[in-house]
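See below for the structure under consideration.
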Ligand SMILES: Cc1ncc(COP(=O)(O)O)c(C=O)c1O
């Protein structure tokens, strides 16, 4: 098979500022070994997140100029609404400034003390908004989703038997069922069409509204096309429409699969819920035809939604992660398999067994990738999840490092460079050291904690 090339040419470039190993050693020490504290100018390849970091197309840049900034009834809103409905035909589409704003509005209405909201895995902002309303967020992922070595093709699936039990036992306490596609909190793993339909059928049987967190819907649709029997000949758009057919609504961060740098939406069919949501939107985001966004942002999303379902793009996108994953595995570096849509997750605990979990092997690898190669990525392990509300700490289930790929930003030689940096580290990985946290806030410590490198 020929190389799957980037299906675009580059018309505008953004220079990367080169730095040396010695410079980066000083910079990361000054940042107290926390990668969030670095200036992005000091990073060569930024794999911290795929959210809001996409490169816009020439057509999106042109669409920005069409943005109409009228307070009410802007044509930008109607273009945005039509583009969403073209893929997800919900009756009401309510723009928000990003995904978590859609979640905050939804759960301010459906959440509340004593309620229970099941999902495959809630993303942290979804969980945060549910818990802030007083409700409980419950994850019902299939067992394969928690096994990094399982090659099961749909490790983002909901455990339907557990969902049925939850709906039976919790009854009226459940105001809705959620499903995240792809499952970001579980390694970017996809959910099969059969499973989406199974969740929809259960929700219907128990008369519960079914909401999809659709941030990476197009990557999920491509993985359905390539991994689910009987789907390979179908256009992406038709798979997307099937994914949302049985749902009653969705939350969305347009910073992912809409190629936008900001934006999101909340959509639903129910008129009463939509009215409550719009009332809340006016208080917190803005008038219902702009919802916290500029007209130009709405146009960028409308154009982005046309581009994201392009199969050549999705083939290259999914191949990028698979390629990096294959090369890391060839070097003997353990990763979460199979690679999903937007990121490669390296199992730092297994690769660096000399660093115990409470000395943060994921943080050690993340710092080493920066020092050695100027690569910024994110620890998803004991630093992020190990802090308990009473101030004690416990090892997270896994110590992973997430290499999240911004959309259309980096080329294959950047991917090759990333692999070379891992290769260098592999040559002296026993010398990587653990870390101690010397200061941390009471919650969400990974963003601002300060570390000391151990001897
Ligand atoms: C699955 C999922 N849901 C919701 C969100 C929240 O979106 P936003 O960052 O736009 O608030 C994210 C962001 O990373 C996500 O990955």
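In the working numbering, the protein residues as written are 80 to 534. Where a beta carbon is used, it is the ideal one built from N, C-alpha and C, also for glycine. All figures in this text were calculated on a predicted structure; none of them were measured in a lab.
Taken through DSSP and simplified to helix, strand or coil, residue 402 comes out as helix.
Here residue 281 has 239, 242, 243, 246 and 256 as same chain residues with Cβ atoms under 8 Å from its own Cβ, once five neighbours each way along the sequence are excluded. It is roughly 34 Å from the alpha-carbon of residue 190 to the alpha-carbon of residue 114. Cβ neighbours of residue 289 within its own chain (closer than 6 Å, five residues either side excluded): 256, 279, 282, 326 and 327. A direct Cα-to-Cα measurement between residue 154 and residue 369 gives close to 10 Å. The beta carbons of residue 262 and residue 208 sit no closer together than 7 Å. Minimum Cα-Cα distance from residue 295 among the listed residues 307, 323 and 357 corresponds to 323. Close to ligand 1, as judged by a C-beta nearer than 6 Å to any of its heavy atoms, are the residues 130, 177, 178, 179, 202, 204, 205, 259, 263, 292, 294, 332, 334 and 343, in chain order. For the options 95, 521, 531 and 408, the alpha carbon positioned closest to that of residue 438 is the one of 531. The C-beta distance from residue 485 to residue 132 rounds to 4 Å, short enough to meet the 8 Å contact threshold.
Going by DSSP, residue 115 is part of no beta strand (DSSP E) at all; its letter is neither H nor E.
The C-alpha of residue 520 is placed about 7 Å away from the C-alpha of residue 527.
DSSP places residue 250 in the helix class (H, G or I) of the three-state scheme.
Residue 286 counts as exposed, since fewer than 16 other beta carbons sit within 10 angstroms of its beta carbon.
For residue 175, the enclosing beta strand (DSSP E) begins and ends at 171 to 175. Residue 459 is bridged by DSSP to 479. About 5 Å separates the beta carbons of residue 434 and residue 443, which is inside the 8 Å limit, making them a contact pair. For residue 188, the enclosing alpha helix (DSSP H) covers residues 178 to 189. Shown here, residue 390 sits in a helix according to DSSP, grouped into three states. The beta carbon of residue 311 sits closer than 8 Å to the beta carbons of 304 and 305 from its chain, once the five residues preceding and following it are set aside; these are given in chain order. In the three-state scheme derived from DSSP, where H, G and I count as helix and E and B as strand, residue 440 is classed as helix. With fewer than 16 neighbouring CB atoms inside 10 Å of its own CB, residue 473 falls in the exposed class.
According to the DSSP assignment, residue 296 belongs to no beta strand (DSSP E) but to the alpha helix (DSSP H) extending over 296 to 306. Counting along the chain, the unbroken alpha helix (DSSP H) around residue 492 starts and ends at 491 to 506.
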